[in-house]
């Protein structure tokens, strides 16, 4: 291999070179640059800057609020595009709820405003302006009808106006917003001081890991025996991501993109451990799950290797639960149609095939009421992300 590929994760470094794939646990007492340079000094020195490619998920994604007209079209379309661009949606608000909704108090990375087709205007008025005045945000983008643009431009400072994501036939036009959000994600990554320093070892643009993994999906068949439709579940230290084929989506979104992504920011095993435990305790199947795994609820409070394994198994169950028809969160996936369920990320170094198989069996039996499950594939060498980097 003439390239050195590096992935900077929230808990691990991963490299791919002619020597194969390697990973190392990050030392959080050091900067990313110093830690990476120390752990892989010889490998980095063996390559020119032009031949070193880096992706990163260490920034954790961008927090986003979406304001839209309807759940059926504007909000659904915008959420779909945002998730696929590496964005973390913290809330959504409908136009008719603007006066009664409690505005989030945290600093938002981006606010997305969407609604209506171009032939219909007058959707937004001073109620939106009053609501925006309550928010703290770094960026705001409008991707709604063209007739409301003059009003919004005159009242909203630093407003970015892009092509309406809904055409007159109610189909999604995603490229402009996706490019904007992806670039914003990139800027956030390279804006982090730790990430900026990595340009000392690479002459190439640093990409977001979720973007790279999504680019890998069409090529998974070159590494694994995977048959469409499939999903890739990436469980790491800070987040759990699902990369999925759009053939599995139960909605009316017409998209040119064959694959999308969901991120669950509070289902990480290390950095998001507390929120993962909270989600597990709040789930109606938790006690039955723990009994099935032959442990008690006390395991959730322990700091041990066994407890970490249990949390990884629970994260698998919870993320499938959140996209199932039983309890959908943002996108409902037709999991009954899955031919393959691919797992990647940190859990593949810890969990065995049988352990993953057992929790998937439990989910399909208890939630979907079937004993038939998809083929389980574990990306033990963490190869999937490298496919996207080579593209």
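Residue numbers (my numbering): 18 to 408. Note that the Cβ used here is the ideal one computed from N, Cα and C, for glycine as well.
**Request:** Please determine, among 349, 375 and 38, the residue with the shortest C-alpha to C-alpha distance to residue 329.
**Result:** The residue labelled residue 329 in the question sits at position 312 within the chain shown. The candidate whose alpha carbon is nearest that of residue 329 is 375.
**Prompt:** Is the stretch 220–232 touching the stretch 306–325 in the sense that three or more CB pairs, one from each, lie closer than 8 Å?
**Reply:** In this structure the stretch 306–325 does not lie against the stretch 220–232, because fewer than three pairs of beta carbons, one per stretch, are closer than 8 Å.
**Prompt:** Within 10 angstroms of its Cβ, does residue 273 collect 16 or more other Cβ (buried), or is it exposed?
**Reply:** Counting from one through the chain shown, the residue named residue 273 turns up at place 256. Summary for residue 273: the model assigns pLDDT 47, below 50, so the residue's position carries little reliability, and this model does not support an answer.
**Request:** Measuring alpha carbon to alpha carbon, tell me which of 260, 196 and 324 ends up nearest residue 360.
**Result:** Here residue 360 is taken as the residue at index 343 of the chain shown, counted from 1. Residue 260 is the option with its Cα nearest to residue 360.
**Message:** Please identify the residue among 100, 226 and 48 whose C-alpha is closest to the C-alpha of residue 82.
**Reply:** On the chain shown, residue 82 is found 65 positions in, with the first residue counted as 1. When only C-alpha atoms are compared, the closest one is 100.
**Residue range of the beta strand (DSSP E) that includes residue 37** = If you number the chain shown from 1, residue 37 lands on position 20. Here the beta strand (DSSP E) through residue 37 covers 37–42.
**Message:** According to DSSP, is residue 399 part of a helix, a strand, or is it coil?
**Reply:** On the chain shown, residue 399 is found 382 positions in, with the first residue counted as 1. Looking at residue 399 - three-state DSSP - the assignment turns out to be coil, as it is neither helix nor strand.
**Message:** Taking its Cβ as the centre, do 16 or more other Cβ atoms sit within 10 Å of residue 187, making it buried, or is it exposed?
**Reply:** Stepping through the chain shown from its first residue, residue 187 is reached at position 170. Only exposed fits residue 187, as fewer than 16 other CB atoms lie within 10 angstroms of its CB.
**Item:** Residues near residue 80 in its chain [Cβ-Cβ closer than 6 Å; skip 5 each side]
**Value:** As a working note, residue 80 is residue 63 in the chain shown. Cβ neighbours of residue 80 beyond the five flanking positions: 105, 107, 125 and 126.
**Asked** Is it buried or exposed for residue 202, if we count other Cβ within 10 angstroms and need 16 for buried?
**Response** Taking the chain shown and counting its residues from 1, one reaches residue 202 at position 185. Classification for residue 202: buried.
**Asked** What are the start and end residues of each continuous alpha helix (DSSP H) run of 4 or more residues lying completely inside the stretch 218–247, in chain order?
**Response** 226–233
**Prompt:** For the alpha helix (DSSP H) that residue 357 lies in, which residues bound it at each end?
**Reply:** Locating residue 357 in the chain shown gives position 340, where the first residue counts as 1. Per DSSP, residue 357 lies in no alpha helix (DSSP H); the unbroken beta strand (DSSP E) holding it starts and ends at 357–362.
**Prompt:** What are the complete beta strand (DSSP E) segments, minimum 3 residues, inside the stretch 65–149?
**Reply:** 69–73, 79–85, 104–111 and 127–130
**Item:** Residue from 159, 199 and 114 with nearest C-alpha to residue 135
**Value:** Working through the chain shown from its first residue, we reach residue 135 at position 118. Out of 159, 199 and 114, 159 has the C-alpha closest to the C-alpha of residue 135.
**Prompt:** Rounded to a whole number of angstroms, what is the C-alpha to C-alpha distance between residue 22 and residue 237?
**Reply:** Here residue 22 refers to the residue found at position 5 of the chain shown. Here residue 237 refers to the residue found at position 220 of the chain shown. If you take the alpha carbons of residue 22 and residue 237, they lie about 17 Å apart.
**Message:** Checking 8 Å against the spacing of the C-beta atoms, do residue 130 and residue 157 come in under that value?
**Reply:** Locating residue 130 in the chain shown gives position 113, where the first residue counts as 1. Locating residue 157 in the chain shown gives position 140, where the first residue counts as 1. Going by beta carbons, residue 130 and residue 157 fall inside the 8 Å limit.
**Message:** Let's see if you can read the secondary structure: which residues bound the beta strand (DSSP E) around residue 24?
**Reply:** Walking along the chain shown from the start, residue 24 turns up at place 7. From DSSP, the beta strand (DSSP E) with residue 24 extends over 21–25.
**Message:** What would DSSP say about residue 177, mapped onto helix, strand or coil?
**Reply:** Here residue 177 refers to the residue found at position 160 when the chain shown is read from its first residue. Secondary structure at residue 177: strand, using DSSP grouped into helix, strand and coil.
**Request:** Out of 298, 353 and 398, point me to the one whose CA is closest to residue 392's CA.
**Result:** Position 375 of the chain shown holds residue 392. Comparing Cα-Cα distances from residue 392 to each of 298, 353 and 398, the minimum goes to 353.
**Request:** Apply the 10 Å Cβ neighbour rule to residue 119 and answer buried if 16 or more other Cβ atoms are within range, or exposed otherwise.
**Result:** Reading the chain shown from its first residue, position 102 is the one you call residue 119. Exposed is the call here.
**Request:** Can you say whether residue 244 is buried or exposed, counting buried as having 16 or more other CB atoms within 10 angstroms of its CB?
**Result:** The residue labelled residue 244 in the question sits at position 227 within the chain shown. Burial call: exposed.
**Asked** Under the three-state reduction of DSSP, which class applies to residue 373: helix, strand or coil?
**Response** Looking up residue 373 in the chain shown gives position 356. Three-state result, residue 373: helix.
**Prompt:** Going by Cα to Cα distance, which pick from 300, 371 and 358 is closest to residue 326?
**Reply:** In the chain shown, counting from the first residue as 1, residue 326 sits at position 309. Measuring from the Cα of residue 326, the nearest candidate turns out to be 371.
**Request:** Check residue 31 in the structure and name its three-state DSSP category.
**Result:** Within the chain shown, the letter at position 14 stands for residue 31. If DSSP states are grouped into helix, strand and coil, residue 31 belongs with the strands.
**Item:** Cβ contact check for the stretch 34–47 and the stretch 167–187: 3 or more pairs under 8 Å
**Value:** no
**Prompt:** Taking the alpha helix (DSSP H) that residue 309 falls in, what are its first and last residues?
**Reply:** By 1-based counting over the chain shown, the position of residue 309 is 292. Looking at the DSSP string, the run of the alpha helix (DSSP H) that includes residue 309 is 303–309.
**Asked** Between the stretch 51–66 and the stretch 211–221, do three or more beta carbon pairs fall short of 8 Å?
**Response** yes
**Request:** Return yes when the Cβ of residue 164 is within less than 8 Å of the Cβ of residue 138, no when it is not.
**Result:** On the chain shown, residue 138 is found 121 positions in, with the first residue counted as 1. On the chain shown, residue 164 is found 147 positions in, with the first residue counted as 1. Their beta carbons are under 8 Å apart, which means residue 138 touches residue 164 by this criterion.
**Message:** Taking the beta carbon of residue 162 as the centre, do at least 16 other beta carbons fall within 10 Å, making it buried, or is it exposed?
**Reply:** One-based indexing of the chain shown puts residue 162 at position 145. Residue 162 should be labelled buried.
**Message:** Quick check: the stretch 377–386 against the stretch 330–341, are at least 3 beta-carbon pairs closer than 8 Å?
**Reply:** yes
**Asked** Which residues bound the beta strand (DSSP E) around residue 61?
**Response** One-based indexing of the chain shown puts residue 61 at position 44. Counting along the chain, residue 61 falls outside any beta strand (DSSP E), though it belongs to the alpha helix (DSSP H) covering 58–62.
**Asked** Got a sec, what are the start and stop residues for the beta strand (DSSP E) residue 390 sits in?
**Response** Numbered from 1 along the chain shown, position 373 holds the residue referred to as residue 390. Looking at the DSSP string, residue 390 is not in any beta strand (DSSP E), and its letter there is neither H nor E.
**Message:** Please report the distance separating the alpha-carbon of residue 222 from that of residue 235.
**Reply:** In the chain shown, counting from the first residue as 1, residue 222 sits at position 205. In the chain shown, counting from the first residue as 1, residue 235 sits at position 218. When rounded, the distance between both Cα atoms is 22 Å.
**Asked** For residue 52, which beta-bridge partners are listed by DSSP?
**Response** As a first step, residue 52 is located in the chain shown; it is residue number 35 there, counting from the start. Answer is none; residue 52 lacks a bridge partner.
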